[in-house]
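These notes concern the structure reproduced below.
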Amino acid sequence: MTWEPGRLDDQRHLSEADPGGMLLAVAASAAHVRTGYRTAVESRVERVADQGRPRAIAVAGMGGSAIAGDILAAVAGNGAPLPIVTLRSYQLPGWIGATDLVIAVSGSGDAEETLSVATQAVRRGCTLLAVGAPGSQLEAIATQASAVYVPVPLGGQSRANIWLLTTPLIVAAAALRLLPADADLFERVAKSLEDIAHRCRPSSESFINPGKSLALDVAGTVPMIWGSSPVAAVAAYRLACQLNTNAKYPAGYGELPEAAHNQVAVFDGPMAERDIFADSAGQTIRLVMLRDVEEHPQVTRRREAALRMARERDVPVSELMAEGTHPLERMAMLIALGDYASTYLALGYGIDPTPVSAITELKARISQ
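Per my numbering, residue 5 is the first one in the sequence shown, and the count goes up by one each step.
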């Protein structure tokens, strides 16, 4: 597999190398927000507030479905009056009980880890909210427990349906008065995603296309992706995961200030060295900084210092700044740019971004 930047502006290649339609799936994000909101309202997710506010919220999911919990926690922010945790496992923690809300999210509706947690939640008497495919095993569990189920019309890979899966959680949180979110907010988010889709469209050339530009930056490097706030950190994690699954590409992520206590040491390591006399460039790290308008003052100081240190050591740097007044808007923008960049990186290497054969093989091996 070789990196050929010219592929990113070759319309025929972008079409033929993406038979699964990952670019089209990313471009559908705005429609997914609107559909997710409508489906949540039609499913009456506000019923989760009938018993009052829970003691805690646990969101169970795996892969692209699990990030819905991370988004919910980051959007609710430090002002949330209760803890919100994401569970990526088979087990429901022992401290979760009948006064808590468990949200089970599965794009397929059949993820065995999520089904296990949902079943345990019902047995413990927890309030259950489930989001997934219609007619799935998850829906059967929710229906038997008389729980709220949101049947979202999914298609393709779950990781491409992030907003279909996440939007119902934000609607539920608004019903619980954990955060402000109304129809106007979701429409603003959808319009922002439409703007990103226009700017990152395949016909837009690399020098003005932010998705292609980030792919060009990352190619040939090992990206360290940092977020400067909880909102930006979720987008950083999402970008790392999308680089893994779409481009089959290694990436690390971190959140400031924590990354300044460990990952910054890599600036003095072997992958930060650059031989200006070498015939070809070797592998090097790249710092990708995702910035948010809401940063703790001390985090801002650390971010600025880390960027100066990277540049002084000739470590290449990319910066992306979130835009929007609501944290959901800002996160959606950063996630969309990362989704496009990871897809374009795959296509630049001649890789089909949709299949994840290694994941499929691993599932097959453990099911035997």
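Here a beta-carbon is modelled for each residue, glycine too, at the ideal position from N, C-alpha and C.
Beta carbon of I174 nearer than 8 Å to that of A187: no
Keeping to the same chain, check which residues put their C-beta closer than 6 Å to that of L182; ignore five residues upstream and five downstream. So the list reads A80, A84, once near-sequence residues are dropped.
Per-residue DSSP class, three states only, for V156: coil
Give me, in chain order, the residues of the same chain whose beta-carbon lies closer than 8 Å to that of V268; leave out the 5 immediate sequence neighbours on both sides. A310, M313
For M325 and R295, which I take to be in contact (beta-carbon distance under 8 Å), what is that distance rounded to the nearest angstrom? 5 Å
Pull up the CB-CB distance for V152 and V49, whole angstroms please, since I reckon it's below 8 Å. Yes, V152 and V49 are in contact; Cβ-Cβ is about 6 Å, under 8 Å.
Less than 6 Å between C-beta atoms, sequence neighbours within five positions excluded: which residues of the same chain meet that for A160? The amino acid at residue 160 is misidentified as Ala; the sequence shows Gly. Correct list, in chain order: A29.
Going by CA-CA distance only, name the one from I71, A350, K367, I370 that's closest to L12. Looking at the Cα atoms, A350 is the closest of the given residues.
DSSP puts M293 in a beta bridge; with which residues? Bridge partners of M293: W230, E323.
Taking 8 Å as the threshold (beta carbon to beta carbon), is E116 in contact with chain C? Absent from the structure: chain C. Only one protein chain is present.
Is there contact here, the region 88–96 with the region 140–156, by at least three beta-carbon pairs under 8 Å? No, they do not touch.
Answer with buried or exposed for K216, where buried requires no fewer than 16 other C-beta atoms within 10 angstroms of its C-beta. buried
For N266 and E259, I'd like the C-alpha separation in whole angstroms. 11 Å
Residues bridged to A62 (per DSSP): V89, V106
Quick one: residues in its chain with C-beta nearer than 6 Å to the C-beta of A64, no 5 flanking neighbours on either side, listed in chain order? L91, A108, T118, V121
Can you tell which of R307, T347, P254, I71 has the C-alpha that lies nearest to the C-alpha of W230? R307
Contiguous alpha helix (DSSP H) assignments of at least 4 residues, all confined to the region 216–262: Fully contained in the region 216–262 are the following alpha helix (DSSP H) runs of length 4 or more, in chain order: 234–250.
Work out the CA separation of S162 and L197 for me, nearest whole Å. 18 Å
How long is the line joining the alpha carbons of G98 and D104, rounded to whole angstroms? 12 Å
Can you round the beta-carbon distance between L4 and A72 to whole angstroms, since I take them to be within the 8 Å contact cut? Absent from the structure is residue 4, since the part of the chain shown begins at 5 and ends at 372.
Just the Cα atoms here: how many angstroms apart are A201 and P254? 25 Å
Using alpha carbons as the reference points, say which of S33, D272, E8, R315 lies closest to M293. R315
Rounded straight-line distance, which links the Cα of R42 to that of T131: 22 Å
Classification of R317 by the beta-carbon crowding that lies within 10 angstroms, buried from 16 upward: exposed
With a 10 Å radius around its C-beta and 16 neighbouring C-beta atoms as the bar for buried, classify N82 as buried or exposed. That one is exposed.
Which partner residues of V135 appear in the DSSP bridge assignment? V109, V154
Please name the residue, chosen from M66, A44, A62, that lies closest to A179 on a Cα-to-Cα basis. A44
Three-way DSSP call (helix, strand, coil) for T364 in this model: helix
Can you tell me which of L366, D343, Y353 puts its alpha carbon nearest to the alpha carbon of G68? Of the candidates L366, D343, Y353, the one whose C-alpha sits nearest the C-alpha of G68 is D343.
Taking A164 as the reference, give the member of T304, P320, V37 with the closest Cα. V37
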